[in-house]
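These protein sequences, in sequence, are chains A, B, C, D, E and F.
If you use the UniProt record's numbering, the first sequence corresponds to residues 1 to 240, in order.
If you use the UniProt record's numbering, the second sequence corresponds to residues 1 to 240, in order.
If you use the UniProt record's numbering, the third sequence corresponds to residues 1 to 240, in order.
If you use the UniProt record's numbering, the fourth sequence corresponds to residues 1 to 240, in order.
If you use the UniProt record's numbering, the fifth sequence corresponds to residues 1 to 240, in order.
If you use the UniProt record's numbering, the sixth sequence corresponds to residues 1 to 240, in order.
The C-beta atom is built at its ideal place from N, Cα and C for all residues, glycine as well.
None of these values were measured; they are calculated from a predicted model.
Inspection log for the structure reproduced underneath, given as structure tokens.
6 protein chains.
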Amino acid sequence: MRPSGRRVDQMRTVRITRNYTKHAEGSVLVEFGDTKVICTASVTRGVPRFLKGQGQGWVTAEYGMLPRATSTRNDREAARGKQGGRTLEIQRLIGRALRAAVDMKKLGENTINIDCDVIQADGGTRTASITGACVALVDALNFIRQDKSFGVKHDPLKQMVAAVSVGIYKDKAVLDLDYDEDSAAETDMNVIMTSNGGFVEVQGTAEGESYSRAQLNEMLELAEQGIKELCTLQRAALAG
Amino acid sequence: MRPSGRRVDQMRTVRITRNYTKHAEGSVLVEFGDTKVICTASVTRGVPRFLKGQGQGWVTAEYGMLPRATSTRNDREAARGKQGGRTLEIQRLIGRALRAAVDMKKLGENTINIDCDVIQADGGTRTASITGACVALVDALNFIRQDKSFGVKHDPLKQMVAAVSVGIYKDKAVLDLDYDEDSAAETDMNVIMTSNGGFVEVQGTAEGESYSRAQLNEMLELAEQGIKELCTLQRAALAG
Amino acid sequence: MRPSGRRVDQMRTVRITRNYTKHAEGSVLVEFGDTKVICTASVTRGVPRFLKGQGQGWVTAEYGMLPRATSTRNDREAARGKQGGRTLEIQRLIGRALRAAVDMKKLGENTINIDCDVIQADGGTRTASITGACVALVDALNFIRQDKSFGVKHDPLKQMVAAVSVGIYKDKAVLDLDYDEDSAAETDMNVIMTSNGGFVEVQGTAEGESYSRAQLNEMLELAEQGIKELCTLQRAALAG
Amino acid sequence: MRPSGRRVDQMRTVRITRNYTKHAEGSVLVEFGDTKVICTASVTRGVPRFLKGQGQGWVTAEYGMLPRATSTRNDREAARGKQGGRTLEIQRLIGRALRAAVDMKKLGENTINIDCDVIQADGGTRTASITGACVALVDALNFIRQDKSFGVKHDPLKQMVAAVSVGIYKDKAVLDLDYDEDSAAETDMNVIMTSNGGFVEVQGTAEGESYSRAQLNEMLELAEQGIKELCTLQRAALAG
Amino acid sequence: MRPSGRRVDQMRTVRITRNYTKHAEGSVLVEFGDTKVICTASVTRGVPRFLKGQGQGWVTAEYGMLPRATSTRNDREAARGKQGGRTLEIQRLIGRALRAAVDMKKLGENTINIDCDVIQADGGTRTASITGACVALVDALNFIRQDKSFGVKHDPLKQMVAAVSVGIYKDKAVLDLDYDEDSAAETDMNVIMTSNGGFVEVQGTAEGESYSRAQLNEMLELAEQGIKELCTLQRAALAG
Amino acid sequence: MRPSGRRVDQMRTVRITRNYTKHAEGSVLVEFGDTKVICTASVTRGVPRFLKGQGQGWVTAEYGMLPRATSTRNDREAARGKQGGRTLEIQRLIGRALRAAVDMKKLGENTINIDCDVIQADGGTRTASITGACVALVDALNFIRQDKSFGVKHDPLKQMVAAVSVGIYKDKAVLDLDYDEDSAAETDMNVIMTSNGGFVEVQGTAEGESYSRAQLNEMLELAEQGIKELCTLQRAALAG
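Listed below in structure tokens is the structure:
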């Protein structure tokens, strides 16, 4: 039934490659099938002005897409002179998700900037970004812990977070939509969870018809299962 | 337990005043307690370029806050030279919600611009906006139907939509958070539903700790109840 | 002769409602007939950088219009990414007018931000804004005087200011033009005066034919009379 | 009494040099003492969109200052990314003034862009700009009349306009303020008149104390006299 | 003598990988040592307005760097709201260089957008971009030729172009500077040549002391040699 | 052969007028034939943030063109809201060139802002700007040396810089191209040199066909000769 031939509860092949570029403290290439995102975590001493002097750190995220990451070329946001509403919405989502992974007090007055740049898009770029960025974040936190001058004594990592999309496609709940499914889905839902099974964010939008409580439940179950798989892959990448 | 003394399942007093300003085809003042939003619906002939020639209409929304709608003054977005990420996110949400209420084919090549301007904020401005704007939208649709030159023969209204916030406050699920609760809540969830009981959008964000599936269910039940009350008030306002 | 049936020297009904919204230190709804403006005065400690350390305060103003305050919808300035020339011109005028009411030395290093937001426009929005904002300003000054921590010992209010438009309409000088008159007037003049009868600003523009010295004098006489009435209404509102 | 030693009713030396640069259809260097402005008038076929098909022309103006036209350097507006409020206000004033000189119907669907660029500032840049630009405008109108392809049969010039500043300086009304006077004046008034003696615009602002009706009259009389002198100089330049 | 241990006339290892991403008509990853750039060529029917109706095509380029492509994070240009001067300068250079490779008449009214996005920077990003983008351009031109609907009958490719940097480092002319050399070089020169040995662009800048004619000649000779090697690699990649 | 009748190695008449405007510390009108540029040098105490505390000065440049400096009017960059790529490229070039003339250590923590504003353009505006600005720079340096409060003891001027354009026009190398030649040239090269005969910058761009090494040499020889003449004129102006 699915264009890709996958089962309704089958994720695409997910790959997490650490140390993808050489400068960043954390650098991950994450692939959900043909969706490919470079996630870097950059460490800076100090915090933004609104947090100064409170003895806590900050994690924030930005998101971008190369102009030809998609099947037709999109205008470059830097050239248009502003980030679009979709971009701002996604980067705010990524930032909130990753802050759920970190104990800001333990991080001390240090900042981690996450950059998620999509080099090839095929649906699910925001969920792939969160899943990959969390691994880059862990590498950056380890970098901070090893350099004593940051003054971080206890691991600021509270738990991993991962994200997956689910949706109603041809009246069925399906897991991890690719672009073909996403553009035809009746409902699209992004779910972010912790490695402990708690919900960080649920965003479910009816594109056409509204969805029922029963459909909502079906989607949540697929998401819970998918995120468990992602957490396993994150752990494997960090162990590797 | 709640700062306002309300029961966990008790909404604030909601008022919907039609014909609030004189120029717009639909103009509503909506009040959820001390949250006050002017919602106008403006009718224009024609559609944006990306829809031209497809025989369908368009509904879009913008959102703003007066600088001193809040307890401390916020910079005016027009003076800062751009709308913030929060504003863009909210107006995209309002637009999607209202499009779920309208059959675009029946609307023909006409556009309705919704403006939601918060003149006083006390939590829940986006859900109040959607609830009030849907009433303004109905007035605008009726305006279009009465003026034969728009060429609209069948009522484009599919169903009403309304929205309410729920959350986890001091470990309890509560309905319709005011600012005091909102700023202290562990989880904040906005729910948009149709008058038929279908979900249009669910957005639930853990601000501190993640939330469980059981808590998610509790919040959804409160939301379903609150939205039923709002739909009754919308119908009364339109009948009035 | 006038579309509204008013005499040439007759103002529209003017209403000044204090405490219109709850957060601002001064908050006024001013109505000149169907023109309705929310004027708030917001108090902040400190002054802009160019005044630091000079022991004096600052009063500044911003102006906006809801997109559908007018008979056809105007683009939202925040969405267009800048304030238009007309907006900047009006808010500079309001700021200058209100600074004429205040002794900056007595205000100390405190700032008052005035926001004038037009929720319904029918001509004369800038003169209504000034007249209403001056009342909000007095409330803000009283707030500052009552809170000893601002260190203001003597009333910074020098005098009230009020403003009215006059013009040449169908060859006659008329007072307080509404939109129908304004859009057809040969000359449009805005006059701002103090409660002591001094001129703060006179701006008279020929839209079509130029005007004579005699016409200028006629307009000024109407303005002087109108402003006297406005000052009486301001006093009554502040006493109320 | 005046820093320059001038009588209260004495203008600075005014020079109007035509054909100052070679590309523009009208190009004037205007000098009011040390204030020097290059005024060009550029002719284009067609009109802005809002006037299309109405068989009339358009005149519009832009104003700028070289960064070091003043005693301390101002940021370049092009580098800051926007024109300031003062600039917008001045160029709107110049545009309105020059449109009063032209019969738009006779101009046909042609546009004249006026550029006033201050290369050295010493007070009165906006009044010098208007006075010089009107001469450049006449040259551009003559260019249009001589090239039959513009289809302009009757002279679109209705009358010349000129402008001068007056003010209250050390309690006396004075004519044509230079920078030293302008920065210390209690009241500053710009007056624009036609060569027939009609008023196009009067803008009088109290910088410190308000001004009386008697002072207003004194200033207007000085302005009327100064503008007569300027009209004589404009005629001489055009005859030369 | 060189930090990398290379001879003065030795280039870094250069790799050109075609079909790097799947959506673009031409997509190349080019590597000059640790400098890695994704170059895509996107085909669109039609040309920009200034070329319409002239029966010729257009090639244009944009350039960007991921925020953490460098050793410290740079602000994202899309977030800052504009492309910096360096970026604009580089993308203008790339566009000019690639237009030298194409016969615009033969291309017909079609446009090719080149995007060069640096994912890892180690000196020479602009010369790597040009060298890689020319290969992506050839793939896009072949795409156009194979799809008859573009109406391109004759190969629009006139010749290949390639680019390399040379400089004066520790008083010696060196080829293909990496970041360590670039940041310490006295002179930095970028040379763009055709595969026929003609110069397309030479840009040589003294960072510290000026350079002599003899040094200029030495640098040019190294550049000519390096570009010959690059042309061989381009040919091999296109044959592969 | 040249449209102007000049020999291939003949420059236009060059004039350098010092003290052109009265406010700036250095102010020069430079004319290369009909190309006329006002170059001012403005002195400020202190340096930009990135240089603070390093005991050295800074020289930076901005470039602009009056909208009607050219044969057809260009949009005003301040009105469009940003400086174009060509403008940024030119002002970066001017800044680099002038910094080559100054010993930043000797300048101390002082900044010189160069403004080059083209009031009439006829080709070669960037080379005229550099040549004239260097004279204004010397006047500003002398101003700084004479005012002891700047603390500059030794002349910060290392050497003069001057610039000229050369090109291949109708297959011949020519010196100092005017607009007619520039717009038809096959190759356009800007050369900046010190008064000691060293190269500061060489930028040679093939507009049509690529150029050979022999042509490059011919152009460089013409440039060396032209710059010698310009240095003589600069010295004469400074002596005058």
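Item: First through last residue of the beta strand (DSSP E) which encompasses F199/A; Value: F199 to A206
Item: Presumed contact (8 angstroms Cβ cut-off) between A162/A and C134/A, rounded CB distance; Value: 7 angstroms
Item: Alpha carbon of G33/C to alpha carbon of Q120/C, nearest angstrom; Value: 10 angstroms
Item: C-beta contact flag for S27/B and T17/B at 7 angstroms; Value: no
Item: Neighbour-count burial assignment, M49/E, 16 or more Cβ in a 10 Å radius; Value: Sequence check: residue 49/E is Arg here, not Met. R49/E comes out exposed.
Item: Residue ranges of each beta strand (DSSP E) within the UniProt domain "Exoribonuclease phosphorolytic" (10-140) of chain F, 3 or longer; Value: 14-18, 26-32, 35-45, 58-65 and 110-120
Item: Coarse secondary structure for residue 276/B, derived from DSSP in three states; Value: This structure cannot speak to residue 276/B, because chain B is shown only from 1 to 240.
Item: P67/C classed as buried or exposed, judged by whether at least 16 other C-beta atoms fall within 10 angstroms; Value: buried
Item: Minimum C-alpha distance to G124/B - residue among A100/B, G208/B and N190/B; Value: N190/B
Item: Residues of its chain near L141/A, where Cβ-Cβ distance is below 6 angstroms and the 5 sequence neighbours each way are ignored; Value: P156 and L157
Item: Whether residue 254/A touches G167/A by CB criterion (7 angstroms); Value: It is not possible to answer for residue 254/A, since the shown part of chain A is limited to 1 through 240.
Item: Extent of the continuous beta strand (DSSP E) to which L175/C belongs; Value: K172 to L175
Item: Q54/E burial status per 10 Å Cβ neighbour count (16 or more: buried); Value: exposed
Item: CB contact check: E77/C to chain B, cutoff 7 angstroms; Value: yes
Item: Local conformation of A236/B per DSSP, three classes; Value: helix
Item: Interface flag, G81/C vs chain B, CB-CB below 7 angstroms; Value: yes
Item: Chain-ordered neighbours of L93/C on chain B, where CB pairs are closer than 7 angstroms; Value: Chain B residues near L93/C: none, gap ~16 angstroms exceeds 7 angstroms.
Item: First and last residue of the uninterrupted beta strand (DSSP E) at N190/F; Value: T187 to T194
Item: Element boundaries [beta strand (DSSP E), containing Y169/E]; Value: V161 to Y169
Item: Whole-angstrom distance between A69/F and T21/D, CA atom to CA atom; Value: 8 angstroms
Item: C-beta neighbour in chain B for R73/C, strict 7 angstroms; Value: yes
Item: Whole-angstrom C-beta distance between V59/C and G108/C, which should lie under 8 angstroms; Value: Not really, about 13 angstroms apart at Cβ, beyond 8 angstroms.
Item: L137/A versus T87/A, F199/A, H154/A and I112/A, residue with shortest Cα-Cα distance; Value: I112/A
Item: T205/E beta carbon less than 7 angstroms from that of E89/F; Value: no
Item: Any chain C beta carbon closer than 7 angstroms to L29/B; Value: no
Item: G64/B and S210/A closer than 7 angstroms at C-beta; Value: no
Item: Residue-chain proximity (Q203/D, chain C), Cβ-Cβ < 7 angstroms; Value: yes
Item: Counted within 10 angstroms of its Cβ, other Cβ atoms place Q146/B as buried (16 or more) or exposed; Value: exposed
Item: Contact belief for M11/D with L175/D at Cβ below 8 angstroms, rounded distance in angstroms; Value: 6 angstroms
Item: For V164/B, the nearest candidate out of G81/B, K228/B and L238/B (CA to CA); Value: K228/B
Item: Buried or exposed (CB count within 10 angstroms, at least 16 for buried), G208/D; Value: exposed
Item: L157/D - partner residues in DSSP beta bridges; Value: V102/D
Item: Close-in-space but distant-in-sequence residues of the same chain around E25/E (CB under 7 angstroms, 5 per side omitted); Value: A41, S42, V43, D139, A140 and F143
Item: Chain A within 7 angstroms of L88/B, Cβ atoms only; Value: yes
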